[in-house]
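One line per chain: the protein sequences are Y and V, in this order.
Numbering-wise (the working numbering), the first sequence opens with residue 3 and increments by one.
Numbering-wise (the working numbering), the second sequence opens with residue 10 and increments by one.
We put the beta carbon where it would ideally sit given N, CA and C, even for glycine.
All values derive from a computational prediction rather than experimental measurement.
Working notes, beginning with the structure itself.
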Amino acid sequence: MIIVTGGRSGIGHVIVSLLRKEGESVITLSRRNLDESEHISCDLSDFKSLELAYKSIKSRGCKVKAIINCAGIASMNLVLTTPPDVVEKIIQTNLIGTIYLNQIFAPLLIKNGGGSIINFSTIAVSSALKGEAVYIASKAGVEAFSRTLAKELSPFNITVNCIAPGPIKTDLIKAIPQETITSIVKSQIINREMQPEDVFSMIKLLLSPNARELTGQTLHLGGF
Amino acid sequence: MISSQKIIDIVSRLASGSAPSKEDFTESTPLVGSVSNVDSMILIELCLELEDIANELGFEFDWKSEKAMSSLYSIFKDADSLANEFNAQYAKSKKP
Ligand SMILES: NC(=O)c1ccc[n+]([C@@H]2O[C@H](COP(=O)([O-])OP(=O)(O)OC[C@H]3O[C@@H](n4cnc5c(N)ncnc54)[C@H](OP(=O)(O)O)[C@@H]3O)[C@@H](O)[C@H]2O)c1
């Protein structure tokens, strides 16, 4: 079983469809309420909500081999014009939510005898993209946290890595002007706008037995 | 309820094959800190076993604590303090 947060829209949705196509059983976690046994409504920014999701999955008794943490929010704004509640929401969801999710759910992988955790960062961390400072700060935290967690979990045969994509057309970046997207894509080593399917290829690589020695890394999709 | 001896037994089993021998663990053996024979991997596995035991007893054992890594005040100071904390949480869960 694979757990995917944010698996009901954007990149996560495509990943879930492709994983299921390959015969994987997947549980999605996100805030929306759906009357489906393979979805758990849960707010990543809320510790108690994640604990309830953990108990629900644990009670099903399935073996969890990977956690793919796609959920995230962004808000394009200048630092000086970002209201404090937006700062808090972004840090609470992207960074604190990632910390909570990893600490609460890692025991499922330990009980499985090992597995993979994949968190999401962004290429914007490396490029210091103007207008994304708070989002970038949250994702830089995710990268540093993942690198350190990789050390703590390596004795349990668990790898922890981050995927850092450039712009991929989803709701998350709909407010970003096309010129900005084009210029970010140009800064990638591969000057092509990436698709969720490209993220999936990277996920497959990280989940494959050949990647057991690949841990504590941030992989930049398209290269940076 | 859990005894200090039960915790020592779990730690000894988890540590079997690694450096300290079974006899090295007593009620007052530090479970954390620089003088501890118990590495972080064993500590986490111990927590997960205690979680399962707590579930069988019908309560949730919460091992997260601000002072978890303090060799003076931690619930992991030694088997005695860990057993006390486990039993206190169990007793609290039984209160109406
Ligand atoms: N798209 C890009 O260009 C791009 C680039 C770099 C990095 N990324 C990263 O890639 C990941 C996926 O992005 P995306 O483009 O697919 O975004 P998206 O289309 O906006 O989807 C984000 C998902 O996160 C879930 N979510 C948001 N807040 C949540 C919360 N508090 N608790 C639980 N779930 C929550 C949402 O579901 P609910 O509404 O149901 O909660 C949604 O399914 C994100 O981490 C993002 O930062 C994206």
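Distance from the CA of residue 52 of chain V to the CA of residue 167 of chain Y, rounded to the nearest whole angstrom, comes to 36 angstroms. For residue 122 of chain Y, the three-state secondary structure derived from DSSP is strand.
Remark: the shortest separation between the CB of residue 122 of chain Y and any heavy atom of ligand 1 falls under 8 angstroms.
Contact annotation for residue 112 of chain Y against chain V: 53, 54, 57 [CB-CB distance below 9 angstroms, chain order]. Of the candidates Y:65, Y:192, Y:171, the residue whose Cα lies closest to the Cα of residue 183 of chain Y is Y:171. DSSP, reduced to helix, strand and coil, places residue 46 of chain Y outside both helices and strands of the structure shown, so it counts as coil. In this structure, the alpha-carbon of residue 13 of chain V lies about 11 angstroms from that of residue 38 of chain V. In this structure, ligand 1 has no non-hydrogen atom nearer than 8 angstroms to the beta-carbon of residue 97 of chain V.
For ligand 1, a non-hydrogen atom lies closer than 8 angstroms to the CB of residue 137 of chain Y. Distances between the C-beta of residue 56 of chain V and the heavy atoms of ligand 1 are all 8 angstroms or more. A buried status is given to residue 190 of chain Y, since no fewer than 16 other beta-carbon atoms sit within 10 Å of its beta-carbon.
For residue 6 of chain Y, the uninterrupted beta strand (DSSP E) segment begins and ends at 4-7. In this chain, residue 32 of chain Y is not harboured by any alpha helix (DSSP H); it is covered by the beta strand (DSSP E) spanning 28-32. For the 9 angstroms CB-CB criterion, residue 25 of chain Y and residue 174 of chain Y do not form a contact.
For ligand 1, a non-hydrogen atom lies closer than 8 angstroms to the CB of residue 99 of chain Y. Interface annotation for the stretch 151-170 of chain Y against chain V: 154, 157, 158, criterion Cβ-Cβ distance under 8 angstroms. DSSP, read as helix, strand or coil, puts residue 56 of chain V in helix.
With distances taken between CA atoms, residue 71 of chain V lies nearest to V:96 out of V:22, V:96, V:87, V:50. Using a 10 angstroms sphere on the CB of residue 63 of chain Y, the tally of other CB atoms stays under 16, which defines it as exposed. DSSP, read as helix, strand or coil, puts residue 89 of chain Y in helix. Within chain Y, no residue has its beta carbon less than 8 angstroms from that of residue 78 of chain V; the closest one is some 12 angstroms off. For the 9 angstroms CB-CB criterion, residue 155 of chain Y and residue 162 of chain Y form a contact.
Within the chosen limit of 8 angstroms, ligand 1 reaches the beta carbon of residue 169 of chain Y through at least one heavy atom.
Contact between the stretch 197-211 of chain Y and the stretch 131-143 of chain Y is absent: fewer than three C-beta pairs spanning the two stretches fall below 8 angstroms. Between residue 130 of chain Y and the set Y:98, Y:88, Y:81, Y:204, the nearest pair of CA atoms involves Y:81. For the stretch 79-99 of chain Y, the set of positions with a beta-carbon nearer than 9 angstroms to some beta-carbon of chain V is empty. Rounded to the nearest whole angstrom, the CA to CA distance from residue 46 of chain V to residue 88 of chain V is 13 angstroms. Fewer than three Cβ pairs drawn from the stretch 74-92 of chain Y and the stretch 38-45 of chain Y lie within less than 8 angstroms of each other, which leaves the two stretches out of contact. Short note on residue 9 of chain Y: C-beta closer than 8 angstroms to some heavy atom of ligand 1.
At a beta-carbon threshold of 9 angstroms, the residues of chain Y lying near residue 49 of chain V are 154, 157, ordered along the chain.
When C-alpha distances from residue 153 of chain Y are compared across Y:77, Y:219, Y:70, the shortest belongs to Y:219. Between residue 74 of chain V and residue 42 of chain V, the beta carbon gap of about 14 angstroms keeps them out of contact (Cβ cut-off 8 angstroms). Distances from the alpha-carbon of residue 120 of chain Y to those of Y:92, Y:51, Y:151 put Y:151 closest.
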